[in-house]
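Residue numbers (the numbering used here), protein chains in the order written: chain A, 1357 to 1832; chain B, 295 to 590.
Rendered as structure tokens:
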């Protein structure tokens, strides 16, 4: 693709200058797109269905979203790039700016910015229906409650050194398909967990087949795309494997005609796609220094051996909205094999894997994973044992894929090397006994970030159940 | 194109297995190669053995492969499929004394099941390899071989039971022209390819189940996964393997074709197209075979 002449700047939705009309223009364009016939590729319905739809009929390029795969970031970059062009054309059609660009929602900045922007909250604006409003969001979202910091933090994802590989940034090497089983860290947190925290039980954002119909979806993905560009431009290497760079994906442009792109066409957002992001804080990884810094230190070589299973739970855990724990032992015979190859007698990497996850329905709850958490912990204690998050965006489709793909259960892997080192120094990790606790997150008042790891006030115990088949620890 | 690529990528991982499951992968692949070699040897020997059988000298070599093929008294490879061997047997029962016939029948049955199992190993293990690797990687290292072996035993056993049922049923079609039987089986296989049951079975081939790490729970976990996986595999492929069971000529051709179909369906990310193409191929095979039976 030739270089774009015009540069578009995607701005932070929460810090738009006074009098800025980006969101008004977005709302008008959404209304225009919603008025178009569903068979028009530039209509709201069609665009949302390209991500996923419950419709039993199918139009070209519907149900194309890529999750749990190394294509996740690239496909979504292309998807919102063409969506942005369609919106811009509608903005121009309504007499708006030809420079219109999709804003991003930097929930990770915390405070007020961790709440959904006000333009999306109200059913009516100036007495007219608000095209940016969706009622089907988690309770409290439209009332201005904030996403908790552990859900919005991109620090761990940005600290990953490689794009592919176990618990790395961008996901595992898989064929192109809607829901695969090798989710990268950026896709897990903040992507998946923000989807679930916004959508909740029964909302649109927590359902891949409805998510893109919520206008906030696009600002969420604008932020995910921005995080990818931050990661890429801070000395990290995107894949060069031709299976990735050469994979073709199709979309529709503003005229409704089919266009194709490969990941190689979208690596340079300014040069190849003609847009940039408003300057971001230079060191977003600083938000959670211990994990980021220690992980970076602990991995020195580029080729890591495949991590090896050293312990696992032997009975499934069922999650229904309340905290739940599972305990197991690390098998000394198995761990010895890995430790024998290590100079320090300690594993170079420790991973926590939550696997064989199955559910008929996504409850929309986000769980924090905690290692060796003492009973009845304070939010501060919980934070110091926090290993990562798990949520179940796409669990229905993983089990019962649209169209023609193979079913599987979900599996998420987190690197917990730094955490176990810290816990060991506090005498809370002995390399033998492991207890993994799942604790649901709730939305919090924007001025109380310290409640991020507190249990929600109204913890449910009757949500649609999710079965965690196995929790395991791997060493390498 | 991308489907073809997915299959090739899958196959490449066979050729260059990674990490610790390397030896296991090589072992399974070696078993597959040996099974094919044995079956091809039987086919070749059968072609000659068929001739010796005709002049009455083939019987003494019962235990040998050529004797097995010769016993069937049918064209070459027929004995290999077992069932066809059995149907050949019944036609020959009147020639030797009745006691010898009983012995012959017993050893023939064992041989038939053995040959069937060999064929299953050759044709099905390549597609089952990812499941074997899954079991191994998700087991503690010192349990890996045991876990993989448990899986393989269950997998082969379930297919062997299916084969035994077919052998038991073989007399039902022993009186009909072999080519017509094959044409009917191929037509059934083509039809099955297009059903929702085939689609569900193929999906289930890819679903894991939790594997507890140690103790009895670990064994139970592997047994459960093996049962889930192999029963899905039988549901997916039973009709094609029925065609194999009744094929009495061009065995190697059908083995290669069906193995190719099974492997492609398993490794493709979106197998619908592969399933449909396979249905067309099987349907065409049914037509050609049926027509040649009617003309010949």
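Cβ coordinates follow ideal geometry from the N, Cα and C atoms, glycine included.
Here the structure is a predicted model, which is why all the values come from computation and not from measurement.
Taking the C-alpha atoms as reference points, what is the distance between residue 553 of chain B and residue 1765 of chain A? 27 Å
Cβ contact (3+ pairs, closer than 8 Å) linking the segment 1608-1620 of chain A and the segment 1383-1398 of chain A: yes
Check the Cβ of residue 521 of chain B against every Cβ in chain A and list those closer than 7 Å, keeping chain order. Within chain A, no residue comes near residue 521 of chain B; the closest Cβ sits about 16 Å away, beyond 7 Å.
Please confirm whether residue 1826 of chain A has its beta-carbon closer than 7 Å to some beta-carbon of chain B. yes
Going by Cα to Cα distance, which pick from B:525, B:579, B:566, B:567 is closest to residue 551 of chain B? B:579
Run down chain A in chain order and give the residues with a C-beta less than 7 Å from the C-beta of residue 432 of chain B. 1665
Supposed contact pair residue 1427 of chain A and residue 1603 of chain A - C-beta distance, whole angstroms, cut 8 Å: 6 Å
Please tell me whether residue 504 of chain B and residue 1672 of chain A are closer than 7 Å, where the distance is taken between their beta carbons. yes
Can you give me, in chain order, the residues of the segment 415-439 of chain B that have a beta carbon less than 9 Å from any beta carbon in chain A? 431, 432, 433, 434, 435, 436, 437
Quickly, what does DSSP pair residue 1800 of chain A with across the bridge? List them, please. A:1502
How close, in whole Å, do the beta carbons of residue 496 of chain B and residue 559 of chain B come, if the pair is a contact with beta carbons under 8 Å? 6 Å
Kindly indicate if chain A contains any beta-carbon less than 7 Å away from that of residue 500 of chain B. yes
Do residue 1530 of chain A and residue 1596 of chain A count as a contact pair if the criterion is CB distance below 7 Å? no
Exposed or buried, which one is residue 1522 of chain A when buried takes at least 16 other CB atoms within 10 Å? buried
Is there a Cβ from chain B that is less than 7 Å from the Cβ of residue 1803 of chain A? no
Taking Cβ to Cβ, would you say residue 1618 of chain A is nearer than 7 Å to residue 1626 of chain A? no
Out of A:1444, A:1464, A:1768, which one is the CA nearest neighbour of residue 1582 of chain A? A:1464
Under 7 Å Cβ-Cβ, which residues of chain B neighbour residue 1821 of chain A? The contacting residues do not exist; residue 1821 of chain A stays about 15 Å from chain B at best.
Are the beta-carbon atoms belonging to residue 1578 of chain A and residue 1458 of chain A less than 7 Å from one another? yes
Mind the definition here: the segment 555-570 of chain B touches the segment 411-424 of chain B only if three or more C-beta pairs lie below 8 Å; say whether that holds. yes
Within the continuous alpha helix (DSSP H) that includes residue 1632 of chain A, where are the two ends? It is not in any alpha helix (DSSP H) - residue 1632 of chain A instead sits in the beta strand (DSSP E) that spans 1631-1633.
With the cut-off set at 7 Å, would you say residue 434 of chain B and residue 1695 of chain A are in Cβ contact? no
Taking the beta strand (DSSP E) that residue 554 of chain B belongs to, which residues open and close that run? Not the beta strand (DSSP E): residue 554 of chain B falls in the alpha helix (DSSP H), residues 545-561.
Do you know how far the Cα of residue 446 of chain B is from the Cα of residue 1564 of chain A? 37 Å
Go through its chain and collect everything with a Cβ distance to residue 1449 of chain A's Cβ below 7 Å, but skip five positions before and after it. 1388
Report yes or no: is there a C-beta of chain A within less than 7 Å of the C-beta of residue 411 of chain B? no
Can you list, in chain order, the residues of the segment 1673-1701 of chain A whose Cβ is nearer than 7 Å to any Cβ on chain B? 1687, 1689, 1690, 1693
Just by C-beta distance, which residues in the segment 501-518 of chain B are closer than 9 Å to chain A? 501, 502, 503, 504, 505, 506, 507, 508, 509, 511, 512, 515
Assuming residue 480 of chain B and residue 333 of chain B are in contact, meaning their beta carbons sit under 8 Å apart, how far apart are those beta carbons, in whole angstroms? About 20 Å separates the two Cβ atoms, so there is no contact after all.
Could you please tell me which residues of the segment 540-564 of chain B, in chain order, have their CB closer than 7 Å to any CB of chain A? 563, 564
Cβ of residue 1539 of chain A within 7 Å of Cβ of residue 1555 of chain A? no
Meets three-Cβ-pair contact criterion under 8 Å: the segment 1668-1688 of chain A and the segment 1821-1832 of chain A: yes
Beta-carbon neighbours of residue 570 of chain B, restricted to chain A and to distances below 7 Å: In chain order: nothing, as chain A lies at least about 10 Å away.
Nearest residue (CA-CA) to residue 585 of chain B, options B:501, B:478, B:331, B:529: B:478
Residue 1417 of chain A and residue 1606 of chain A - do their beta-carbons sit closer together than 7 Å? yes
Indicate whether residue 1575 of chain A and residue 1460 of chain A have their beta-carbon atoms separated by less than 7 Å. yes
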